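Under numbering that gives the first Met the number 0, the first residue of the sequence shown carries the number 0, and numbering increases by one thereafter. Just below is one structure, and these are the notes that go with it.
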Amino acid sequence: MSITVRFLAPLLLLPTLGLGAQTPEKKPAQEPAPPTTAELYKLAKDKAAHDNKRVLVMWTSAEGTTTKTLGEMLTQHRKLATLIRSEFVMVRADGDKGSKDRSLAKRLGVKVGQDLPALSVFDGEGKLLAHQPASAWVGDGKLDPQLLSTTLERLKPKPLDAELVLKDALATSVEGGKRVLVHLGAPW
């Protein structure tokens, strides 16, 4: 028995000394790169076209507090947040001079100047419907959610006629030999 203990004792110490069987080091999984603003815009445009919505691009600036104030107003003001959630797909883009998103603005036909932040609204096909700096919604020296809400209400898409949508879907399904699933929903 003493021979067995003498033989096994050094083997038991091998892992503590860093010797013996070692597990291979696992390399951390490389995280995918975050999507670019251009990719996010394309996804938003596709979703807007599919869901009968508009794309709302917020051109931001690192300078000043107006960008933060506008961002908070769009997400926290009850009426605006509800309107945006139900009628728009929102994308944030860096409008500062020298940013990569300036090339996206140029490609979309938006002139992003020094008057940032600004909002642009596009339809589901990518057509620019409106572009205004945040200064357009200033009332009493501060951003006025009511002015912005009025502008966005005017730009929201017209509701689709459910009977026409169903008729088109039924015609398409007959051609393709498929069935139609009718989903009844509401924007809230």
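Note that CB positions come from ideal geometry on N, CA and C, so glycine has one too. The structure displayed is predicted, hence computed values, not measured ones.
Next item on the list: Could you work out which residue in 117, 29, 169 and 127 is closest to residue 137 when comparing CA atoms only?
Entry: Locating residue 137 in the sequence shown gives position 138, counting from the first residue. That would be 117, whose Cα lies nearest to the Cα of residue 137.
Margin query: Tell me which residue opens and which closes the alpha helix (DSSP H) that residue 130 is part of.
Written below: Locating residue 130 in the sequence shown gives position 131, where the first residue counts as 1. That residue, residue 130, is in no alpha helix (DSSP H); its beta strand (DSSP E) goes 127-132.
Margin query: Suppose you measure from the CA of residue 56 to the CA of residue 63; what does that come to, to the nearest Å?
Written below: As a first step, residue 56 is located in the sequence shown; it is residue number 57 there, counting from the start. As a first step, residue 63 is located in the sequence shown; it is residue number 64 there, counting from the start. Those two C-alpha atoms are separated by around 19 angstroms.
Next item on the list: State the Cα-Cα distance for the pair residue 96 and residue 123, rounded to the nearest angstrom.
Entry: Position 97 of the sequence shown holds residue 96. Position 124 of the sequence shown holds residue 123. For residue 96 and residue 123, the distance between alpha carbons rounds to 27 angstroms.
Notebook entry, point to check: Between residue 91 and residue 181, what straight-line distance do the alpha-carbon atoms span, to the nearest angstrom?
Noted result: Taking the first residue of the sequence shown as 1, we reach residue 91 at position 92. Taking the first residue of the sequence shown as 1, we reach residue 181 at position 182. Going by the C-alpha atoms only, they are around 33 angstroms apart.
Notebook entry, point to check: From residue 52 to residue 28, what distance separates their C-alpha atoms?
Noted result: To locate residue 52, count along the sequence shown from 1; it is residue 53. To locate residue 28, count along the sequence shown from 1; it is residue 29. Those two C-alpha atoms are separated by around 37 angstroms.
Next item on the list: Compare the C-alpha of residue 121 against each of 54, 49 and 37 and name the closest.
Entry: Counting from 1 along the sequence shown, the entry for residue 121 is found at position 122. When each option's Cα is compared against that of residue 121, the closest is 54.
Next item on the list: Indicate whether the contact test is met: 3 or more Cβ pairs, each with one atom in the stretch 28-43 and one in the stretch 72-84, closer than 8 angstroms.
Entry: no
Margin query: Check this for me: beta carbons of residue 129 and residue 65, under 8 angstroms apart or not?
Written below: Residue numbering aside, residue 129 sits at position 130 when the sequence shown is read from its first letter. Residue numbering aside, residue 65 sits at position 66 when the sequence shown is read from its first letter. A distance of 8 angstroms or more separates the beta carbons of residue 129 and residue 65.
Check: If you scan the stretch 40-107 from start to end, which runs of the beta strand (DSSP E) of 3 or more residues do you find wholly inside it?
Finding: Taking only runs of at least 3 residues, the beta strand (DSSP E) segments lying wholly in the stretch 40-107 are 53-59 and 87-93.
Next item on the list: Identify whether residue 110 lies in helix, strand or coil by the three-state DSSP scheme.
Entry: Reading the sequence shown from its first residue, position 111 is the one you call residue 110. Of the three classes helix, strand and coil, the one that applies to residue 110 here is coil, per DSSP.
Margin query: Just verifying my parser: in three-state terms, what is the DSSP assignment at residue 177?
Written below: In the sequence shown, residue 177 corresponds to position 178, counting from 1. Reduced to three states, the DSSP call for residue 177 is coil.
Check: Expressed to the nearest angstrom, what Euclidean distance is found between the alpha-carbon atoms of residue 161 and residue 149?
Finding: Looking up residue 161 in the sequence shown gives position 162. Looking up residue 149 in the sequence shown gives position 150. So the two alpha carbons sit approximately 26 angstroms from each other.
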